[in-house]
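Trainee:
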Amino acid sequence: MAHVSLRNVTRIAAGRRIVDDVSLEIADGSCQALLGPSGCGKTTLLRLLAGFDALDGGEIRFDDDVVARPGRQLEPEDRRVGMVFQSYALWPHLDVAGNVDYALRVRKVARAERRSRVEEALEIVGLPGFAERKVQNLSGGQRQRVALARCLAMRPRLVLLDEPLANLDAHLRETMIDAFRAFHAASGATMIYVTHDQAEAMALADRIAVMDQGRLRQVDTPVRLYDAPCDAMVARFIGQGQLLPVEVLAPPVSGQVRVRLYGYETDLRCEAGQGGGTATACLRPDAIAIAGTGDAGIAAHIRDVRFEGASQLVRIAPVSAPQTPLLLRTRGPVPAVGALVHVTVDDGWILPHAAQEAPETVAFERAQAAE
Amino acid sequence: MSVAQRDHPGALRRRFPDMGAETLILSALGLYVVVLCIWPLARLLATVFADGAAEGIAFIAEVWSGRAARRATWNTLEASFLATIVSVLLGAATALIVALTDLRYKVLLVFLLLLPLLIPPQISALAWLAMIGPQSPLWLIPGLEAVRPDRNPLLGRDGIVLVMGLEHAPMVFLAVRAALRSLPADLIDAARAAGSRPMGALLRVILPLMLPAMTAGAALAFVSAIGNFGVPALLGIPGRYPMLSTLIYQRLSGFGPGALPEVASLALILAGMAVIGIAAQTLILRRHAAAVDRVGATHGGFALGRWFWPVTLAVWALMLLIAVMPLVSLAASALVPSVGMRLTWQTLTFDNLIYVVTGLGSAQRAFVNSLFLAGTAAVITVCVCAPLAWLMVARRSRVAQWLNVAADAPYVLPGIVLSIAVILVLLPPLPILGISLYNTIWILLFAYLARFLALALRPVVAAMAQIDRAGEEAAQMAGARPFHRLRTIILPLLAPALGAGAILVFLGAFSELTVSALLWSRGSETVGVVIFSLYDEGNSTAAAAVSVWVLAIILGLALAVSTLGRRLPEGVLPWRM
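Top to bottom, those sequences are chains A and B. Start counting the first sequence at 182; every next residue gets the next number (this note's numbering). Start counting the second sequence at 5; every next residue gets the next number (this note's numbering).
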């Protein structure tokens with residue numbers, strides 16, 4: 182219900198630019214994720230939007246209203262923004278209904294309407310009949326649903342979600358993601374969702390903004406972010422991207438370019454203006470496959486195999502660059518550790534801005550750390 | 005969406021921060037703290053240094069060069085130092101036993117140990133006098149009849165050292181127990197794994213790590229000792245062992261307001277000693293805080309094994325002697341018809357207990373006054389604490405944090421210093437009203453409000469810090485303004501701590517003597533003053549009877565607050581296990 186517009190938003194604390202020149206347009210009624218490693222400034226950005234923190238530069242608008250600007254800002258209570266907290270932030274001295282209709286009492290909504298709105302909100306989040314319950318007796322998932330209902334009942338034009346699933350176990354996260362979707366559909370409010378978990382962001386958001394060290398690195402749809410990361414940081418952060426130096430052999434033709442990788446030639450996707458010479462390719466483990474015997478491919482030794490259930494994650498060391506291991510994911514049989522195999526690259530993306538950056542050499546360790 | 009817009013009309017047009025309510029609360033609190041806590045102490049300094057720093061120092065030196073002042077200063081240092089040794093030995097030993105052994109009934113043990121926090125010093129002194137004195141039932145025990153003293157041996161230095169040492173042992177106990185609780189069990193286990201027996205681990209690992217806490221607790225006990233008035237007044241004045249607090253009292257009550265410049269100088273000497281002690285404690289704690297690594301579980305305690313019964317017997321015998329016996333003796337001395345009589349079935353009478361509340365005018369007035377003063381001080385203080393703690397913790401107001409520091413001053417400085425400072429500001433007529441509060445009950449209320457603000461503020465701030473900040477932010481998101489949030493979210497969550505704070509203030513103010521001794525006047529007696537006066541007049545029986553009533557009220561309230569304690573956040577009540 183509100184178009185959110187950030188222009189050159191900057192927040193400086195202790196001499197550090199925690200949020201650095203962020204410009205972002207968030208469409209009315211969309212769900213925007215802010216994704217990034219911890220300490221990247223995403224939570225600070227959220228608190229700037231809520232009004233708990235004051236910005237040092239730039240401007241935040243909701244529709245045509247300026248809500249924050251250096252030195253002048255609208256108080257949080259005047260922004261009509263809802264927030265779902267990591268700690269749920271339910272008031273322990275009030276029951277479920279007391280929590281949900283708090284905002285309505287503040288606005289002096291009539292009793293009958295309060296009641297119907299509470300019931301409606303609890304219905305939507307899947308807790309019908311919970312109005313009289315004590316908050317202390319609810320499970321973590323139920324508490325987060327009450328927090329959602331509280332948000333829903335106040336009919337905010339913008340809802341901020343601050344790592345709302347971080348305190349829940351893996352199984353509950355799945356069902357809560359569905360609850361968030363239902364919530365989004367019912368409220369129609371613009372949603373901004375802060376998380377460090379790319380799977381959550383991809384499952385919920387229309388668009389994802391990847392942040393690192395206070396700056397926006399890329400704002401795109403989940404699909405584009407995965408297929409065409411704009412730089413090395415995004416490529417590594419999303420979907421175990423592995424960066425390798427490649428030699429561009431010919432000018433691009435309809436978004437594809439011929440490259441050479443460890444002596445093996447293949448076609449990768451790229452931007453239209455891709456030049457020749459050396460470039461950096463982003464390869465996903467799923468796009469690398471073990472070739473049949475006698476087929477062309479990169480010669481490599483199998484280093485180790487990790488069983489992942491439906492598939493296996495295989496680390497290989499190319500014969501021509503044994504210090505730069507590669508990860509591939511396969512569902513088929515895998516030869517024994519130490520065996521010589523040939524692998525093919527079926528898909529990949531030439532990073533548009535990363536030509537000057539050194540390729541990542543510790544892809545496996547990163548992948549492990551990310552899990 | 006039209007409904008939503010109707011909910012909150014035109015809110016977005018307001019673009020300037022809505023600071024009105026907060027600024028208003030903060031200004032009112034600032035005025036309150038400045039008037040109560042800063043003004044009197046500033047006036048005290050100004051009185052001595054009115055003609056400049058050099059003249060002020062020269063004046064203090066002149067006052068100090070008097071024989072009585074020098075002797076009182078020396079006695080204060082001597083008795084406080086010795087009392088601190090008693091406090092450290094008792095406090096640290098009991099803390100180690102409670103925290104590190106499998107002794108049973110620790111809750112009762114801790115309650116008895118911390119009893120001196122509840123019992124005012126003059127009542128402790130009276131109880132010990134009753135226990136050791138020639139009439140004590142102690143000497144009825146076969147074999148002890150022979151050593152029965154003719155004169156009370158507690159009058160004088162040794163008695164002061166003993167009673168003050170016991171009175172302030174809880175401070176060392178609490179400091180050491182807190183440190184032991186944050187001591188990771190791994191450190192002790194590692195020492196055991198390296199081959200140390202429990203005693204070796206205690207000597208080589210635990211005690212060295214406890215040293216900062218012990219020193220900090222000792223500094224606190226020392227500061228309390230030099231500021232103590234009740235014990236030196238009851239044991240030192242008749243025992244001809246003057247200390248600074250009693251000297252100030254005697255000079256001012258003997259010579260009247262004319263002695264104010266002189267006693268102000270003496271008060272500054274006393275305050276200076278306290279400030280050195282507090283600075284030492286703060287410094288030690290600050291350095292210690294960096295060193296402690298708060299990870300891992302705390303130690304479950306060593307099994308005493310074959311030492312279980314000897315240790316149990318020794319600990320409980322000691323508790324019987326220092327906590328139970330004095331109070332029993334005090335009660336016994338209130339139940340005989342007159343001073344000097346032995347308590348037997350024939351002499352047992354409740355006449356004194358009935359007389360002090362029905363026939364003795366000063367005691368009756370004192371009970372009414374003290375109940376009124378303590379109750380009013382408790383209510384007002386709590387009303388101030390809630391918004392102050394909120395601004396300080398939740399709103400992170402710098403000003404509120406400064407006010408919190410300022411509120412500490414009248415509490416940690418010796419009470420006699422505060423009462424001199426309060427006299428200095430309230431003796432002259434008030435600016436606009438043109439009347440003087442001196443010689444009225446209101447000067448007592450003023451002093452109590454200043455003295456006990458910190459006592460309630462500490463637990464309320466501790467509770468406030470444990471409230472999830474997001475709870476208030478959620479209310480802000482719901483559109484609630486500061487006053488509304490304070491009322492609907494903060495106050496309900498803070499209520500148990502506020503109740504506890506109110507009771508702590510009530511307990512402190514109800515039997516207060518140190519501050520009241522110089523501020524009371526005829527008609528505005530307090531129970532602390534009446535106990536002291538009755539004792540001073542030689543009517544120990546009536547003094548004991550009033551004390552028994554006071555103890556009953558205090559212990560009843562302590563019990564009530566402990567029951568409430570189960571619902572309190574951690575760190576609010578000192579005596580909770």
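No residue lacks a Cβ here, since even glycine has one placed at the ideal position from N, Cα and C.
Beta-carbon separation of Leu397(A) and Tyr374(A) under 7 Å?
Mentor: No; because the gap between Cβ atoms is not below 7 Å, this pair is not in contact.
Trainee: Residues in its own chain within less than 7 Å of Phe364(A) by CB, not counting five upstream and five downstream?
Mentor: Ile305, Val306, Leu329 and Leu333, listed in sequence order.
Trainee: Going along the chain, which unbroken runs of the beta strand (DSSP E) with 3 or more residues stay wholly within the region 349-376 of chain B?
Mentor: If we require 3 residues or more, the region 349-376 of chain B turns out to have no beta strand (DSSP E) run fully inside it.
Trainee: Less than 7 Å separating the beta-carbons of Ala468(A) and His482(A)?
Mentor: Contact flag unset, no.
Trainee: Please name the residue, chosen from Ile531(A), Pro426(A), Gly420(A) and Thr525(A), that lies closest to Ala502(A) on a Cα-to-Cα basis.
Mentor: With distances taken between Cα atoms, Ala502(A) lies closest to Pro426(A).
Trainee: What's the C-alpha gap between Tyr443(A) and Gly519(A)?
Mentor: If you take the alpha carbons of Tyr443(A) and Gly519(A), they lie about 19 Å apart.
Trainee: Determine whether the Cβ of Val287(A) lies closer than 7 Å to any Cβ atom of chain B.
Mentor: At least one chain B Cβ lies under 7 Å of Val287(A).
Trainee: So Gly131(B) and Pro330(B) are supposed to be a Cβ contact under 8 Å. How far apart are they, rounded?
Mentor: The sequence given here has Ala at residue 131(B), not Gly. 4 Å between Cβ atoms; contact.
Trainee: Thinking C-alpha only, which one of Gly240(B), Leu49(B) and Ile101(B) is nearest Leu272(B)?
Mentor: For the residues Gly240(B), Leu49(B) and Ile101(B), the minimum Cα distance to Leu272(B) belongs to Leu49(B).
Trainee: What residue range does the beta strand (DSSP E) around Thr461(A) cover?
Mentor: Element bounds for Thr461(A): Gly458 to Leu464.
Trainee: For Val354(B), count neighbouring C-beta atoms within 10 Å of its own C-beta (all shown protein chains included) and say buried if the count is 16 or more, exposed if not.
Mentor: The residue you asked about is not Val; residue 354(B) is Phe in the sequence shown. With fewer than 16 Cβ atoms within 10 Å of its Cβ, Phe354(B) is classed as exposed.
Trainee: Go ahead and pull the three-state DSSP assignment for Cys389(B).
Mentor: Three-state result, Cys389(B): helix.
Trainee: Is Thr530(B) closer than 7 Å to Asn373(B) when the C-beta atoms are compared?
Mentor: Yes, they are a contact pair.
Trainee: Let me check one thing: in DSSP terms, what residues is Ile479(A) bridge-paired to?
Mentor: DSSP output for Ile479(A) lists Val524(A) as bridge partner(s).
Trainee: Could you tell me whether the Cβ of Ser219(A) comes closer than 7 Å to any Cβ of chain B?
Mentor: No - not a single Cβ of chain B is within 7 Å of the one on Ser219(A).
Trainee: Using a beta-carbon distance cut-off of less than 8 Å, what residues from the region 515-533 of chain B approach chain A?
Mentor: Against chain A - using a Cβ distance shorter than 8 Å - the region 515-533 of chain B contributes no residues.
Trainee: Could you please give the first and the last residue of the uninterrupted alpha helix (DSSP H) stretch that includes Pro403(A)?
Mentor: Counting along the chain, the alpha helix (DSSP H) containing Pro403(A) begins and ends at Pro403 to Asp408.
Trainee: Quick one: give me the first and last residue of the beta strand (DSSP E) that Ser84(B) is part of.
Mentor: Not the beta strand (DSSP E): Ser84(B) falls in the alpha helix (DSSP H), residues Arg71 to Leu104.
Trainee: Between the region 466-496 of chain B and chain A, which residues of the former have a C-beta closer than 9 Å to a C-beta of the latter?
Mentor: So the close ones are Asp472, Arg473, Ala474, Gly475, Glu476, Glu477, Ala478, Ala479, Gln480, Met481, Ala482, Gly483, Ala484, Arg485, Pro486, His488, Arg489, Thr492, Ile493 and Pro496.
Trainee: For the beta strand (DSSP E) that Asp393(A) lies in, which residues bound it at each end?
Mentor: Segment Arg388 to Asp393, the beta strand (DSSP E) holding Asp393(A).
Trainee: So, helix, strand or coil for Asn408(B), using DSSP?
Mentor: DSSP places Asn408(B) in helix when its eight states are reduced to three.
Trainee: Taking CB distances under 7 Å as the criterion, tell me whether Glu258(A) reaches chain B.
Mentor: So, interface residue.
Trainee: Taking Gly327(A) as part of the alpha helix (DSSP H), name the residues at either end of that continuous run.
Mentor: Residue identity check: residue 327(A) is Val in the sequence provided, not Gly. Unbroken alpha helix (DSSP H) run through Val327(A): Gly321 to Ala334.
Trainee: Going by DSSP in three states, Met372(A) sits in which element: helix, strand or coil?
Mentor: If DSSP states are grouped into helix, strand and coil, Met372(A) belongs with the strands.
Trainee: Determine whether the Cβ of Arg314(A) lies closer than 7 Å to any Cβ atom of chain B.
Mentor: No, Arg314(A) lies away from the interface with chain B (no Cβ there is under 7 Å from its Cβ).
Trainee: Do you know offhand how far Ile288(B)'s Cα is from Ala220(B)'s?
Mentor: Computed Cα separation, rounded: 6 Å.
Trainee: Since Val262(A) meets chain B, which of its residues come closer than 9 Å, beta carbon to beta carbon?
Mentor: Under the 9 Å cutoff, chain B gives Met481.
Trainee: List the residues of chain B whose Cβ lies closer than 8 Å to the Cβ of Ala270(A), in chain order.
Mentor: Within 8 Å Cβ-Cβ: Asp472, Ala474, Gly475, Glu477 and Ala478.
Trainee: Quick one: give me the first and last residue of the alpha helix (DSSP H) that Ala58(B) is part of.
Mentor: Unbroken alpha helix (DSSP H) run through Ala58(B): Ala57 to Trp68.
Trainee: List the residues of chain B that Ala284(A) touches, going by C-beta distances under 7 Å, in chain order.
Mentor: Correct list: Ala482 and Gly483.
Trainee: If you scan the region 500-536 of chain B from start to end, which runs of the beta strand (DSSP E) of 3 or more residues do you find wholly inside it?
Mentor: Segments of the beta strand (DSSP E) lying fully in the region 500-536 of chain B: there are none.
Trainee: Under a CB-based cut-off of 7 Å, is Ala504(B) close to chain A?
Mentor: Ala504(B) does not count as touching chain A.
Trainee: Report back the beta-carbon spacing between Ala462(A) and Trp530(A) to the nearest angstrom; my notes put them in contact at under 8 Å.
Mentor: With a Cβ gap of about 7 Å, Ala462(A) and Trp530(A) count as contacting.
Trainee: Roughly how many whole angstroms lie between the Cα atoms of Glu476(B) and Ile494(B)?
Mentor: Cα-Cα distance, rounded: 8 Å.
Trainee: In angstroms with no decimal places, state the Cα-to-Cα distance between Gly252(A) and Glu240(A).
Mentor: Taking the straight line from one Cα to the other gives about 11 Å.
Trainee: At the level of alpha carbons, what is the spacing between Ser320(A) and Glu313(A)?
Mentor: Looking at the two C-alpha atoms, the distance is approximately 15 Å.
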